[in-house]
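Participant:
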Amino acid sequence: MRVFGESASRLAEAGIDPAALAEIEDAVARSGGLPDGPRADVHAHLGRDRDGHALAAEDLVGDMDRWGFGLAAVFALNDAGARGDFAEANALVRASAARCAPRLVPFCRVDPNAGWASAIDRAESGGARGLKLHPVAQRFAPDADAVIECVGRATAIGWPVLIHAGFGARALAAPLAHLADAVPGACLILAHGARGDARAVRDALAGHPGVWFDTSLAVLADLVELPPERLVFGSDRPYGDYATGLQLVGCAARIAGWSPSQIEAVMYGNFATLVGA
Amino acid sequence: MRRTDALRLVAALGAIEMALVRRDDVAGPLLAQAARAAAATPVDTWVAEAARLMRAPGCFGDAPHEMARRSAVQALCRASAQGAQAALLTGTE
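Residue numbers (the working numbering), protein chains in the order written: chain X, 1 to 277; chain Z, 1 to 93.
(1) Tell me, please, which residues DSSP counts as bridged to X:Leu-162.
(2) Report yes if the CB atom of X:Phe-4 is closer than 8 Å to the CB atom of X:Glu-25, and no otherwise.
(3) Which of the three DSSP states, helix, strand or coil, is assigned to X:Val-183?
(4) Which chain Z residues are close to X:Leu-21, counting only those with a beta carbon under 8 Å from its beta carbon?
(5) Say whether chain B places a C-beta atom closer than 8 Å to the C-beta of Z:Ala-75.
(6) Return yes when the Cβ of X:Ala-44 is within less than 8 Å of the Cβ of X:Arg-195, no when it is not.
(7) Can you look up X:Val-3 in the DSSP assignment and give me helix, strand or coil?
(8) Indicate whether at least one CB of chain X lies closer than 8 Å to the CB of Z:Ala-86.
(9) According to DSSP, is X:Val-219 part of a helix, a strand, or is it coil?
(10) Considering only residues of the same chain and omitting the five flanking positions on each side of X:Ala-8, which have a CB-CB separation below 6 Å?
(11) Look at the Cβ atom of X:Ala-191, then the Cβ atom of X:Asp-222, and state whether they are nearer than 8 Å.
(12) According to DSSP, X:Trp-212 sits in a beta bridge with which residue or residues?
(13) Going by DSSP, name the residue or residues bridged to X:Phe-75.
(14) Between the C-alpha atoms of X:Tyr-239 and Z:Ser-71, what's the straight-line distance to the nearest angstrom?
(15) Extract the residue ranges of the alpha helix (DSSP H) inside the region 65-118 of chain X, only unbroken runs of 4 or more that lie entirely within it.
(16) State yes or no: is the beta carbon of Z:Arg-2 nearer than 8 Å to at least one beta carbon in chain X?
(17) Once the 5 residues before and after X:Pro-175 are set aside, which same chain residues still bring their CB inside 7 Å of it?
(18) Got a sec? Which residues, its chain only, sit under 8 Å from X:Asp-36 by beta carbon, not counting five neighbours each side?
(19) From the DSSP secondary-structure annotation, give me the bridge partner or partners of X:Val-232.
(20) Quick check on X:Arg-237: does DSSP put it in helix, strand or coil?
(21) May I ask you to verify whether the region 87-107 of chain X touches the region 63-79 of chain X, counting CB pairs closer than 8 Å and requiring at least 3?
(22) What does the Cβ neighbour count give for Z:Arg-2, buried or exposed, with the cut at 16 atoms within 10 Å?
(23) When you compare only the Cα positions, how much space is there between X:Ala-277 and X:Phe-271?
(24) Does the beta carbon of Z:Arg-69 come closer than 8 Å to any beta carbon on chain X?
(25) Note down, in chain order, every chain Z residue with its Cβ under 7 Å from the Cβ of X:Ser-31.
(26) Quick check on the DSSP output: the alpha helix (DSSP H) that includes Z:His-65 runs from which residue to which?
(27) Between the C-alpha atoms of X:Ala-40 and X:Met-267, what's the straight-line distance to the nearest angstrom?
(28) Looking at chain X, which residues of the region 11-34 of chain Z have a Cβ within less than 7 Å of any of its Cβ atoms?
(29) Can you give me the C-alpha to C-alpha distance between Z:Val-47 and Z:Leu-76, rounded to a whole angstrom?
(30) So with CB distances below 7 Å, who are the chain Z contacts of X:Phe-4?
(31) Could you name the residues of the same chain whose beta carbon sits closer than 6 Å to that of X:Ala-253, not counting the 5 residues immediately before and after it, in chain order?
(32) Taking only the alpha-carbon atoms, compute the straight-line gap between X:Gly-62 and X:Ala-114 and give it to the nearest angstrom.
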């Protein structure tokens, strides 16, 4: 058994009663009131982060099974390796996805300032289907020339690009708008509902045909104001968990008055459009 | 949930979220305070459990079981914050 994404044995080692915590977890998920239906997760990490967080593919699939998720897009944690090009971490993600096929869809994480072209080439031939960028962790501006080139390459091979748009000091709206305009046809998925600069990003980009938002660790008020046609469920495992992610999206659906088909789009349909089923 | 209770909880849990990420000892007292503020609200069980888990030693350590405990506390705080935010947005009285 796993509770809030942690193994029962580890919770027990911490002096926590896993069964009692699982009852709370069920109540949290139920409080969102989401209906049953197909579910996919566009934002999950595998491997080990420099901050100590870690997640193995088999554990993620266990979490997905418990909460009814058929598919998840997976990419590396912040583990760029000695050369800074995520070569080992991306290889681990691809191998994990192959082991758990077809449940896990590998994305390729790159640093636009460190060997991204060869990383994308290796990932494409290895079956990856998307790109992950983290401007805060890798310290680059979303509208830098190298980023535009990198996103252009991903777009040319049909990949969506998931970009961290959560915690961080920089304003995001203008740089992301520049990036979206500089790469016509790009599919940009702004993580965390773009909570790092939510109002400005929503005003600048919510109607842009190439911009989407994932729900992982987002703010409820932001999700309520974003169009469900542009929202994709995300968990941010192992930082987030499925129960609170379902609660969040369920609350947003209820408050914003999403229709059943809009809920289905957020929970699965938009993922299928962007990543494939 | 009364809107004043929801507002109090949203403010408190936002500060607690950051304290937990920064492994700041102030998270424990803040959570105890939040648990009192949450009494008799729909999220009282979740905040109380988070506060109870925080009282155990080792919540900020790097051992796997300590990280698991912290992760559970964070999830409970997130659930509570989202419940309170929903009450604020729907104007539940």
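Built from N, CA and C at the ideal position, the CB exists for glycine as well.
Facilitator: Reading off the structure:
(1) Looking up residue 162 of chain X in the first sequence gives position 162. When DSSP reads this structure, X:Leu-162 sits in a beta bridge with X:Lys-132, X:Ile-189.
(2) Counting from 1 along the first sequence, the entry for residue 4 of chain X is found at position 4. Counting from 1 along the first sequence, the entry for residue 25 of chain X is found at position 25. Going by C-beta atoms, X:Phe-4 is nearer than 8 Å to X:Glu-25.
(3) Counting from 1 along the first sequence, the entry for residue 183 of chain X is found at position 183. Collapsing the DSSP output to three states places X:Val-183 in coil.
(4) As a position in the first sequence, residue 21 of chain X is number 21, starting the count at 1. Residues of chain Z whose Cβ lies closer than 8 Å to the Cβ of X:Leu-21 are, in chain order, Glu-49, Ala-72.
(5) Among the protein chains in the structure shown, which are X and Z, there is no chain B.
(6) Position 195 of the first sequence, counted from the start, is the residue given in the question as residue 195 of chain X. Position 44 of the first sequence, counted from the start, is the residue given in the question as residue 44 of chain X. Taking 8 Å as the Cβ cut-off, X:Arg-195 and X:Ala-44 do not qualify as a contacting pair.
(7) The residue you call residue 3 of chain X lines up with position 3 of the first sequence. DSSP places X:Val-3 in strand when its eight states are reduced to three.
(8) Position 86 of the second sequence holds residue 86 of chain Z. So, interface residue.
(9) The sequence position of residue 219 of chain X within the first sequence is 219, counting from 1. DSSP places X:Val-219 in coil when its eight states are reduced to three.
(10) Position 8 of the first sequence, counted from the first residue, corresponds to residue 8 of chain X. The residues Met-1, Pro-18, in chain order, have a CB closer than 6 Å to that of X:Ala-8 in the same chain once the five nearest residues on each side in sequence are set aside.
(11) Taking the first residue of the first sequence as 1, we reach residue 191 of chain X at position 191. Taking the first residue of the first sequence as 1, we reach residue 222 of chain X at position 222. The answer is no: Cβ separation not under 8 Å.
(12) The residue you call residue 212 of chain X lines up with position 212 of the first sequence. X:Trp-212 is bridged to X:Ile-189.
(13) Residue numbering aside, residue 75 of chain X sits at position 75 when the first sequence is read from its first letter. X:Phe-75 pairs with X:His-45.
(14) Locating residue 239 of chain X in the first sequence gives position 239, where the first residue counts as 1. Locating residue 71 of chain Z in the second sequence gives position 71, where the first residue counts as 1. Going from the Cα of X:Tyr-239 to the Cα of Z:Ser-71 covers about 8 Å.
(15) List check, alpha helix (DSSP H) in window: 87-99.
(16) Residue numbering aside, residue 2 of chain Z sits at position 2 when the second sequence is read from its first letter. Output row for Z:Arg-2: interface = no.
(17) Counted from its first residue, the first sequence places residue 175 of chain X at position 175. Sequence-distant partners of X:Pro-175 (beyond 5 residues in either direction) whose C-beta falls short of 7 Å from its own C-beta, in its chain, are Ala-141, Pro-142, Asp-143.
(18) Within the first sequence, numbered from 1, the residue matching residue 36 of chain X stands at position 36. Closer than 8 Å at the Cβ level, and outside the excluded window around X:Asp-36, lie Gly-68.
(19) By 1-based counting over the first sequence, the position of residue 232 of chain X is 232. Under DSSP, the beta-bridge partners assigned to X:Val-232 are X:Asp-214.
(20) Locating residue 237 of chain X in the first sequence gives position 237, where the first residue counts as 1. Three-state result, X:Arg-237: strand.
(21) The region 87-107 of chain X vs the region 63-79 of chain X: in contact.
(22) Working through the second sequence from its first residue, we reach residue 2 of chain Z at position 2. Per the 10 Å Cβ criterion, exposed.
(23) Taking the first residue of the first sequence as 1, we reach residue 277 of chain X at position 277. Taking the first residue of the first sequence as 1, we reach residue 271 of chain X at position 271. The alpha-carbon atoms of X:Ala-277 and X:Phe-271 are separated by roughly 8 Å.
(24) Sequence index remark: in the second sequence, residue 69 of chain Z carries index 69 (1-based). Z:Arg-69 counts as touching chain X.
(25) For the purposes of this step, residue 31 of chain X is taken as the residue at position 31 of the first sequence. Contact of X:Ser-31 with chain Z by beta-carbon distance below 7 Å involves Gly-83.
(26) Along the second sequence, read from residue 1 onward, the residue named residue 65 of chain Z stands at position 65. From DSSP, the alpha helix (DSSP H) with Z:His-65 extends over 64-90.
(27) Here residue 40 of chain X is taken as the residue at index 40 of the first sequence, counted from 1. Here residue 267 of chain X is taken as the residue at index 267 of the first sequence, counted from 1. Spanning the two alpha carbons is a distance of roughly 6 Å.
(28) For the region 11-34 of chain Z, the beta-carbon criterion of a distance under 7 Å to any beta-carbon of chain X is satisfied by none of its residues.
(29) Position 47 of the second sequence holds residue 47 of chain Z. Position 76 of the second sequence holds residue 76 of chain Z. So the alpha carbons of these two residues sit roughly 7 Å apart.
(30) Sequence index remark: in the first sequence, residue 4 of chain X carries index 4 (1-based). Near X:Phe-4 (Cβ distances below 7 Å), the residues of chain Z are Ser-71, Ala-72, Ala-75.
(31) The residue labelled residue 253 of chain X in the question sits at position 253 within the first sequence. Residues of the same chain with a CB within less than 6 Å of the CB of X:Ala-253, apart from the 5 flanking positions on each side, are Ile-263 in chain order.
(32) As a first step, residue 62 of chain X is located in the first sequence; it is residue number 62 there, counting from the start. As a first step, residue 114 of chain X is located in the first sequence; it is residue number 114 there, counting from the start. X:Ala-114 has its alpha-carbon roughly 34 Å from the corresponding atom of X:Gly-62.
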